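Asker: Here it is: the structure, laid out below.
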Amino acid sequence: MNEWYTQWAHSPKQYDYAGTVVTSILNWARKDAGKIRQHHCAGFTKVYEVDRSEIVWTKAQRAAVCAIASEWVCRILTVACETGLRAGDLIRL
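According to the working numbering, the sequence shown holds residues 3 to 95 in order.
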């Protein structure tokens, strides 16, 4: 399992995601299906850290956009800022 898992070591985000998937499957096999008694991935430690604080829009920035943009653009900007939805989810909304 470790050999398979470490093939994503070059990308901390992918590495953590692979570990999360493996842990979920093993948790299911242990708890729900009763196929195994225990596994060693239970204490999976994340290595990927993200700080997106620098991309948060300030009230002044939002006001500057809304001062020149049409109302519908301002509404979309408000929903995006207040919900944190991804672009694809905003489009669907």
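By construction, the Cβ of each residue, glycine as well, lies at the ideal position given by its N, Cα and C atoms.
If you're wondering where the values come from, they're calculated on a predicted model, not measured in any experiment.
1. Return the CA-CA distance between T25 and Y50, expressed in angstroms with no decimal places.
2. For T22 and A89, I'd like the C-alpha separation in whole angstroms.
3. Does the separation of the CB atoms of L87 and L95 fall below 8 Å?
4. Between which two residues does the alpha helix (DSSP H) containing Q16 stretch?
5. Give the secondary structure of L79 by DSSP, where H, G and I count as helix, E and B as strand, and everything else as coil.
6. Please report how far the alpha carbon of Q40 lies from the alpha carbon of W10, in whole angstroms.
7. Classify L92 as buried or exposed, calling it buried when 16 or more other Cβ atoms lie within 10 Å of its own Cβ.
8. Quick check: the Cα distance between E5 and W30, rounded to an integer number of angstroms?
Answerer: This is what the structure gives:
1. Distance between T25 and Y50, taken at the CA atoms: about 16 Å.
2. Between T22 and A89, the C-alpha separation is close to 25 Å.
3. Yes, these two residues count as a Cβ contact at 8 Å.
4. Counted as a single uninterrupted DSSP element, the alpha helix (DSSP H) harbouring Q16 occupies residues 14-29.
5. Taken through DSSP and simplified to helix, strand or coil, L79 comes out as helix.
6. Their backbone Cα atoms lie some 24 Å apart in a straight line.
7. Exposed is the call here.
8. For E5 and W30, the distance between alpha carbons rounds to 21 Å.
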